[in-house]
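Read through the structure below, which is laid out as structure tokens, and then see the notes.
Residue numbers (full-length UniProt numbering): 1 to 216.
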């Protein structure tokens, strides 16, 4: 299969459950970067541009960043390229984190699942200046209640940046409530939306959707 066919077989398969996705990534980890380079490069570049636009340049070198659903760390070089020096990663697949470790960009590498009230092991409340999720919201990946953990680990005034395929808001049943939950969390005084951006031809030829929130 081509790289795009491999990717689509994962994210467009509505029969997959989280355990099957975990197994898929375990088997895919070693070739993931090669297979996903062309598919994700535009989205990751655009996400890093959005982060650069919103997070002050004079604070990046000291800021603490948590890359959620980090995978093999494909976002890491982009973050380092705009001045971030202190990055941690969390992902559900240890083989993916093993590949990420070779980048020598991340400090903590935490293998953990999010959602259902689970806390990331070893991470205290209000620890991070920035939390990112790039591609984590799709079929059988991060549950939408992972956002509660994002808010927990963010410092007051900290930023959350999310990048995803816009199409999934409608096509993935478990994501229908993602933006309503984001809005409810804003109503509840947990954060403020600073931006919602849509861009054509970002991820596998589909529209990319980018969210920026700042914790109150």
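Using N, Cα and C, we set each Cβ at its ideal position, and we do this for glycine too.
### Query
Would you say the segment 95 to 107 touches the segment 159 to 175, given that touching needs at least three Cβ pairs under 8 Å?
Contact between the segment 95 to 107 and the segment 159 to 175 is absent, with fewer than three C-beta pairs closer than 8 Å.
#### Entry: Per-residue DSSP class, three states only, for residue 218
Shown here, the chain extends from 1 to 216; a query on residue 218 therefore has no answer.
### Query
Does DSSP classify residue 208 as helix, strand or coil?
Position 208 of the chain shown, counted from the start, is the residue given in the question as residue 208. Strand.
### When 116, 127, 54, 141 are compared against residue 175, the one with the closest alpha-carbon
On the chain shown, residue 175 is found 175 positions in, with the first residue counted as 1. Among 116, 127, 54, 141, the Cα nearest to that of residue 175 belongs to 141.
### Query
How big is the Cα-Cα spacing for residue 91 and residue 186?
By one-based count along the chain shown, residue 91 stands at place 91. By one-based count along the chain shown, residue 186 stands at place 186. Distance between the alpha carbons of residue 91 and residue 186: 26 Å.
### Query
Ordered along the chain, which non-local residues of its own chain (more than five positions away) have a Cβ less than 8 Å from that of residue 167?
Working through the chain shown from its first residue, we reach residue 167 at position 167. 206, 207, listed in sequence order.
### Message
Looking only at its chain, what residues have a beta carbon closer than 8 Å to the beta carbon of residue 51, apart from the 5 residues adjacent to it on each side?
### Response
One-based indexing of the chain shown puts residue 51 at position 51. Closer than 8 Å at Cβ, skipping near neighbours: 79, 82, 130, 132, 159, 161.
### Query
In three-state terms, what does DSSP make of residue 199?
For the purposes of this step, residue 199 is taken as residue 199 along the chain shown, with counting starting at 1. Residue state, collapsed to three classes: strand.
#### Entry: Coil, strand or helix - residue 104 by DSSP
On the chain shown, position 104 is the one that residue 104 refers to. In this structure, residue 104 counts as coil in the three-state DSSP scheme.
### Task
For my contact list, residue 110 and residue 153 are in at a C-beta cut-off of 8 Å; report their separation, rounded to the angstrom.
Position 110 of the chain shown, counted from the first residue, corresponds to residue 110. Position 153 of the chain shown, counted from the first residue, corresponds to residue 153. In fact, because the Cβ distance is near 11 Å, the residues do not count as touching under 8 Å.
### Task
Quick one: give me the first and last residue of the beta strand (DSSP E) that residue 156 is part of.
As a first step, residue 156 is located in the chain shown; it is residue number 156 there, counting from the start. That run of the beta strand (DSSP E) goes 154 to 165.
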